[in-house]
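Enquirer:
In this note's numbering, the protein residues as written are -7 to 347.
#1: For the alpha helix (DSSP H) that residue 217 lies in, which residues bound it at each end?
#2: What residue range does the alpha helix (DSSP H) around residue 233 cover?
#3: Let me make sure I understand the geometry here. Which of 286, 292, 256 has the alpha-carbon closest to that of residue 87?
#4: Would you call the segment 174 to 183 in contact with the segment 205 to 214, where contact means no fewer than 3 C-beta pairs closer than 8 Å?
#5: Going by DSSP in three states, residue 123 sits in which element: helix, strand or coil?
#6: By Cβ distance, which residues of its chain are closer than 6 Å to residue 31, with the 5 residues on each side in sequence left out?
#7: Who are the near neighbours of residue 329 in its chain, counting only those whose CB is closer than 8 Å to its CB and skipping five residues on each side?
#8: When the Cα atoms are used, what is the spatial distance from residue 237 to residue 127?
#9: So is residue 331 buried or exposed if we call it buried at 16+ other beta carbons inside 10 Å?
#10: Give me the Cα-Cα distance between residue 296 and residue 114, rounded to the nearest whole angstrom.
#11: So for residue 115, helix, strand or coil by DSSP?
#12: For residue 61, write down the residues that DSSP places opposite it in a beta bridge.
#13: Do you know whose CA, among 57, 285, 241, 67, lies nearest residue 38's CA?
#14: For residue 23, count neighbouring C-beta atoms within 10 Å of its own C-beta (all shown protein chains included) and say buried if the count is 16 or more, exposed if not.
#15: Please identify the residue among 199, 2, 110, 314 whose C-alpha is closest to the C-alpha of residue 101.
#16: Tell me, which residues are paired with residue 179 by DSSP?
#17: In angstroms with no decimal places, state the Cα-to-Cα distance between residue 285 and residue 42.
#18: In three-state terms, what does DSSP make of residue 158?
#19: So residue 183 and residue 211 are supposed to be a Cβ contact under 8 Å. How far apart are they, rounded?
#20: Note the first and the last residue of the continuous beta strand (DSSP E) segment covering residue 298.
#21: Since residue 290 and residue 267 are thought to touch, with beta carbons under 8 Å apart, how far apart are those beta carbons, to the nearest angstrom?
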């Protein structure tokens, strides 16, 4: 199979971690006899420096030509004073919108080797954690009408959802739950928000197509408490854009390190954009200190969700597991008695374990 990937290294540690993820992907293609074709393009701060805008048309065209996009991270203090309409983060919103990426998958997986890094008590976390947050990505308050008064004394952001938008993300959640443990928790604020009442009613209607999957509802404030009180009650969390942004970050911190967690942004066909959930960490850029595992695991998600290559995805996940089992650690997950590796050495160690 030919794998056509648009590679967007981005800013800060983005180029460091993407380099290692691509090396792992090359090893997968070598072992499993696939052809890898990559095109590297600019977005975020790097594109602002080169073109004066965060998302050049050439980058968007390259992404549209590809089967999938591999993204590092964007932004940093260097561009803090850029006008809001041209900030590096606009590249992310622009890519999601232009590519139709409405479904964001953010797994929160706590490896048994890293249990000591979890901030929760051992009796709460038990033997580990495996949650999938399914977040609607192109609607809600982030994409709604917004504005402020001329005198700067007031501002507004409108949250809006349509029934079709909720239906398509709900179906994604139910389909994923079918392949996991068969439970969806839909998170809303239906006691207050009209959008949440529509969300809940539409989710319940779609659920009739998936009666083999258990569905329950939680208000977002209760869900945030339950994540730290009893995280094992969750399998798939389905929620709208802003709630998903917040809850997925909370879930990620339960795993002990944001440097371990990948994400996928999907549309209705097989196309997807894959990236770590962490930021650009410009303070350690180019210093061989960043943890590339989240980006490497994003490659595993790409293999599974875009290309349907389950064995290849599992080989990457197993290689990460084996590296951790062998005591290999980057600085963010290092503990006494383990072996500290830099970005490049960790990438090479994982690539060497691809079978």
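Cβ coordinates follow ideal geometry from the N, Cα and C atoms, glycine included.
Quick caveat: nothing in here was measured; it's all calculated off a predicted structure.
Expert: This is what the structure holds:
#1: Locating residue 217 in the chain shown gives position 225, counting from the first residue. Unbroken alpha helix (DSSP H) run through residue 217: 212 to 221.
#2: Reading the chain shown from its first residue, position 241 is the one you call residue 233. Run containing residue 233: 233 to 246, per the alpha helix (DSSP H) assignment.
#3: The residue given as residue 87 occupies position 95 in the chain shown. For the residues 286, 292, 256, the minimum Cα distance to residue 87 belongs to 256.
#4: yes
#5: Taking the chain shown and counting its residues from 1, the one referred to as residue 123 is at position 131. Strand at residue 123.
#6: Reading the chain shown from its first residue, position 39 is the one you call residue 31. Around residue 31: -2, 54.
#7: Locating residue 329 in the chain shown gives position 337, where the first residue counts as 1. 319, listed in sequence order.
#8: Locating residue 237 in the chain shown gives position 245, counting from the first residue. Locating residue 127 in the chain shown gives position 135, counting from the first residue. Computed Cα separation, rounded: 7 Å.
#9: Counted from its first residue, the chain shown places residue 331 at position 339. Flag for residue 331 reads exposed.
#10: Within the chain shown, numbered from 1, the residue matching residue 296 stands at position 304. Within the chain shown, numbered from 1, the residue matching residue 114 stands at position 122. So the alpha carbons of these two residues sit roughly 32 Å apart.
#11: Within the chain shown, the letter at position 123 stands for residue 115. If DSSP states are grouped into helix, strand and coil, residue 115 belongs with the helices.
#12: Position 69 of the chain shown, counted from the start, is the residue given in the question as residue 61. DSSP, once it has assigned bridges, lists -2, 265 as partnering residue 61.
#13: Here residue 38 refers to the residue found at position 46 when the chain shown is read from its first residue. Ranking the options by Cα distance to residue 38, first place goes to 67.
#14: In the chain shown, the residue the question calls residue 23 occupies position 31. It counts as exposed.
#15: For this step, residue 101 is matched to residue 109 along the chain shown. For residue 101, the nearest C-alpha among the options comes from 110.
#16: Taking the first residue of the chain shown as 1, we reach residue 179 at position 187. Looking at the DSSP assignment, residue 179 forms a beta bridge with 210, 231.
#17: On the chain shown, residue 285 is found 293 positions in, with the first residue counted as 1. On the chain shown, residue 42 is found 50 positions in, with the first residue counted as 1. In a straight line, the C-alpha of residue 285 is about 29 Å away from that of residue 42.
#18: Start at 1 with the first residue of the chain shown, and residue 158 comes out as number 166. In the structure shown, residue 158 sits in a helix (DSSP, three-state: H, G or I).
#19: Residue numbering aside, residue 183 sits at position 191 when the chain shown is read from its first letter. Residue numbering aside, residue 211 sits at position 219 when the chain shown is read from its first letter. Their Cβ separation, rounded to whole angstroms, is 6 Å, which keeps residue 183 and residue 211 in contact under 8 Å.
#20: Residue 298 sits at position 306 when you count from the first residue of the chain shown. It is not in any beta strand (DSSP E) - residue 298 carries neither H nor E in the DSSP assignment.
#21: As a working note, residue 290 is residue 298 in the chain shown. As a working note, residue 267 is residue 275 in the chain shown. Residue 290 to residue 267, Cβ: 6 Å. Contact.
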